[in-house]
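Asks: If you read the sequence shown in my numbering, its first letter stands for residue 295, the second for the next number, and so on. The C-beta atom is built at its ideal place from N, Cα and C for all residues, glycine as well. Would you mind keeping the following structure in view while I ask a few things?
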Amino acid sequence: MTSFPQSTSFLRSLISIPSLSGQENAVVERIAQEMRATGAFDKVWFDSLGNVIGRIGSGPVKIMLDAHIDTVDIGDRSQWSVDPYAAEVKDNEIYGRGAVDEKPAMACMLYGAAALDAPLRDRVTVYVVGSVMEEDCDGYPLLHLIEKEGVKPDYVVLGEPTDLNVYRGHRGRMEITISVAGKAAHGAHCDRGDNAVYKMAPVIQDVKELHARLKTDALLGKGSITISRIESTSPSLCSVADGCRIYLDRRLTRGETKESALNELRALPGVKAANAAVELRQYDGVSWTGMPVRQEAYFPTWVLDDGHPLVQAGLAAARTVNPTPPKLGVWSFSTNGVASMGRLGIPTIGYAPGREELAHSVHEKVAIKDLETATAFYTELIRQLA
């Protein structure tokens with residue numbers, strides 16, 4: 295297998311640049327610099343949201359390789375055994391924030407595409423995308439790029455960690471609030487009020503019991519619901535609570551929809567008794583370019599059929615570059631595929647180095663040998679699809 299030392303040094307450079315959602319300007323500039331330095335890209339540009347895109351080739355088959363390059367924050371720095379931005383190498387593994395989710399894919403996709411020979415460039419158009427704001431609003435960067443900027447691929451390959459396996463979907467998700475109104479009163483005369491927290495208590499129990507009843511799917515697993523936050527309001531700490539709100543993380547398996555999930559909650563006895571409001575949250579943010587971003591917090595379930603040509607090409611490419619047979623699987627978390635496949639129906643798969651369970655953890659690391667395999671995979675997959 296050909297060695298790609300450039301992807302290793304480039305990845306370490308990417309990890310050294312903090313890139314929280316909405317603050318990715320330094321890292322996308324670094325990616326654009328690397329694209330131009332290879333001399334392989336016909337065009338390198340930023341869209342209005344701030345995604346960085348490099349195009350190679352001018353052929354009829356259009357392939358998008360997408361790696362989101364924003365990361366979550368580092369959390370409690372004292373829990374890290376390494377500097378999360380030093381990209382330290384130990385035992386042939388690179389450590390740091392983004393070393394799994396998902397800067398390795400960016401490095402490997404860039405150099406995998408750059409390795410295309412001239413005949414292939416006449417048969418394909420490859421877009422290598424460093425997408426922004428995925429951690430805050432998964433799917434939106436690709437939805438913007440495809441629908442608003444007109445970059446319309448035939449196939450999408452995602453760089454979320456798969457440990458060098460081929461993934462073809464995942465559960466959807468929703469962010470939902472349930473709000474209850476009460477009546478404030480002085481704490482010394484609490485019986486004159488109507489405590490919103492007490493009214494919410496049966497709702498919380500109903501939500502817990504609903505989780506156990508949610509349907510399951512042999513491939514994607516069980517639908518789920520959990521309370522992620524609870525808030526209350528009152529005129530003071532000496533007053534009866536006049537409002538209470540819970541925030542729900544809802545994961546949707548096959549057969550569940552946005553409407554069915556909301557209706558299940560509205561039908562709960564506690565919700566009806568409290569006259570509670572069940573609402574889908576709206577995401578509001580601003581990209582590093584200053585563009586306002588607003589989208590409902592609904593991210594559809596999606597699965598690509600295992601017999602689809604893109605899935606089969608992915609498996610063939612994985613077998614070509616790696617003696618270990620690839621597994622065909624799905625992610626446990628959400629990805630930009632909620633837009634490409636979930637909303638737009640564009641065939642989508644994922645392949646990348648890194649173990650999914652290390653994402654967002656203080657133990658993020660990736661094996662250098664897996665960077666070599668992944669880089670070769672992206673080149674081979676493009677050949678398979680050309």
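With distances taken Cα to Cα, identify the nearest neighbour of E429 among Q317, L562 and D336.
Replies: Residue mapping note: residue 429 aligns to position 135 of the sequence shown, counting from 1. In this structure, Q317 is the residue among Q317, L562 and D336 with its C-alpha nearest to the C-alpha of E429.
Asks: Would you list, in sequence order, the uninterrupted alpha helix (DSSP H) runs of no fewer than 4 residues that lie entirely inside the stretch 562 to 647?
Replies: 563 to 568 and 603 to 615
Asks: Applying the 10 Å Cβ sphere with the 16-neighbour rule, what's the burial state of R544?
Replies: The residue labelled residue 544 in the question sits at position 250 within the sequence shown. Buried, by the Cβ-count rule.
Asks: So, is N630 buried or exposed, given that buried needs 16 or more other C-beta atoms within 10 angstroms?
Replies: As a first step, residue 630 is located in the sequence shown; it is residue number 336 there, counting from the start. Residue environment: N630 is assigned as buried (16 or more neighbouring CB atoms within 10 Å of its CB, all protein chains considered).
Asks: Judging by CA-CA distance, which residue of G369, R575, S301 and L531 is the nearest neighbour of G406?
Replies: Against the sequence shown, residue 406 aligns to sequence position 112. Of the listed residues, the one whose Cα sits closest to G406 is S301.
Asks: Taking DSSP as the reference, what is the three-state secondary structure of I421?
Replies: Mapped onto the sequence shown, residue 421 falls at position 127. In the sequence as displayed, the identity of residue 421 is Tyr instead of Ile. Y421 falls in the strand class under three-state DSSP.
Asks: Would you kindly report the start and end of the unbroken beta strand (DSSP E) that includes T332?
Replies: Counting from 1 along the sequence shown, the entry for residue 332 is found at position 38. Per DSSP, T332 belongs to no beta strand (DSSP E); it is in the alpha helix (DSSP H), N319 to T332.
Asks: Kindly indicate which three-state DSSP category S310 falls into: helix, strand or coil?
Replies: Residue mapping note: residue 310 aligns to position 16 of the sequence shown, counting from 1. Coil at S310, not helix or strand.
Asks: For V376 and E382, what's the separation of their Cα atoms in angstroms?
Replies: For this step, residue 376 is matched to residue 82 along the sequence shown. For this step, residue 382 is matched to residue 88 along the sequence shown. In a straight line, the C-alpha of V376 is about 7 Å away from that of E382.
Asks: Does DSSP put G369 in a helix, in a strand, or in coil?
Replies: For the purposes of this step, residue 369 is identified with residue 75 of the sequence shown, where counting begins at 1. G369: coil per DSSP, three-state reduction.
Asks: Consult DSSP for H654 and reduce its assignment to one of helix, strand or coil.
Replies: To locate residue 654, count along the sequence shown from 1; it is residue 360. Coil.
Asks: Suppose the cutoff is 8 Å on Cβ atoms and the five residues either side in sequence are ignored; what does the same chain contact list for I676 look like?
Replies: Counting from one through the sequence shown, the residue named residue 676 turns up at place 382. For I676, where only same-chain residues beyond five positions count, the Cβ hits under 8 Å are I357, G406, A407, L410, L414, V418 and V420.
Asks: Compute the Euclidean distance between the alpha carbons of Y541 and H505, then round it to the nearest angstrom.
Replies: Here residue 541 refers to the residue found at position 247 when the sequence shown is read from its first residue. Here residue 505 refers to the residue found at position 211 when the sequence shown is read from its first residue. Distance between the alpha carbons of Y541 and H505: 15 Å.
Asks: For S554, report the span of its alpha helix (DSSP H) as first-last.
Replies: One-based indexing of the sequence shown puts residue 554 at position 260. K552 to R560 is the span of the alpha helix (DSSP H), which, as asked, contains S554.
Asks: Identify, in the order they occur along the chain, each residue of the same chain with its Cβ nearer than 6 Å to the Cβ of G351, setting aside the five sequence neighbours on each side.
Replies: One-based indexing of the sequence shown puts residue 351 at position 57. If the five residues before and after G351 are omitted, its C-beta is found closer than 6 Å to the C-beta atoms of R415, V418, T419 and V420, all from its own chain and listed in chain order.
Asks: Any heavy atom of the ligand SAH closer than 7 Å to the Cβ of L514?
Replies: Ligands in the displayed structure: none, and consequently the ligand SAH is not present.
Asks: Can you tell me whether V580 is buried or exposed, with buried defined as 16 or more other CB within 10 angstroms of its CB?
Replies: By one-based count along the sequence shown, residue 580 stands at place 286. Exposed, because fewer than 16 other Cβ atoms sit within 10 Å of the Cβ of V580.
Asks: For the alpha helix (DSSP H) containing H505, list its first residue and its last residue.
Replies: If you number the sequence shown from 1, residue 505 lands on position 211. Here the alpha helix (DSSP H) through H505 covers A490 to R507.
Asks: Which of helix, strand or coil does DSSP assign to S522?
Replies: Translated into the one-based positions of the sequence shown, residue 522 becomes position 228. Correct three-state label for S522: strand.
Asks: If the criterion is Cβ atoms closer than 8 Å, does the pair I363 and M400 meet it?
Replies: Here residue 363 refers to the residue found at position 69 when the sequence shown is read from its first residue. Here residue 400 refers to the residue found at position 106 when the sequence shown is read from its first residue. Against a cut-off of 8 Å, the Cβ pair of M400 and I363 comes out as a contact.
Asks: Quick check: the stretch 438 to 458 against the stretch 514 to 525, are there 3 or more CB pairs under 8 Å?
Replies: no
Asks: Considering only residues of the same chain and omitting the five flanking positions on each side of H438, which have a CB-CB separation below 6 Å?
Replies: Within the sequence shown, numbered from 1, the residue matching residue 438 stands at position 144. L343.
Asks: Among L404, K446, L308 and V422, which residue has its Cα nearest to the Cα of A393?
Replies: The residue given as residue 393 occupies position 99 in the sequence shown. If we check each option's Cα against that of A393, L308 comes out closest.
Asks: Could you tell me if E503 is buried or exposed, where buried requires 16 or more neighbouring beta carbons within 10 angstroms of its beta carbon?
Replies: Position 209 of the sequence shown holds residue 503. Classification for E503: exposed.
Asks: Roughly how many angstroms separate the alpha carbons of T332 and L404, rounded to a whole number?
Replies: Taking the first residue of the sequence shown as position 1, residue 332 is located at position 38. Taking the first residue of the sequence shown as position 1, residue 404 is located at position 110. Going from the Cα of T332 to the Cα of L404 covers about 9 Å.
Asks: Kindly list the residues whose CB is nearer than 6 Å to the CB of R467, restricted to its own chain and excluding five residues on each side of it in sequence; keep chain order.
Replies: Along the sequence shown, one-based indexing puts residue 467 at 173. Cβ contact annotation for R467 (same chain, cutoff 6 Å, sequence separation greater than five): R545, F593 and S628, in chain order.
Asks: Do you know offhand how far Q373's Cα is from Y389's?
Replies: Working through the sequence shown from its first residue, we reach residue 373 at position 79. Working through the sequence shown from its first residue, we reach residue 389 at position 95. If I take the Cα positions, the gap works out to 14 Å.
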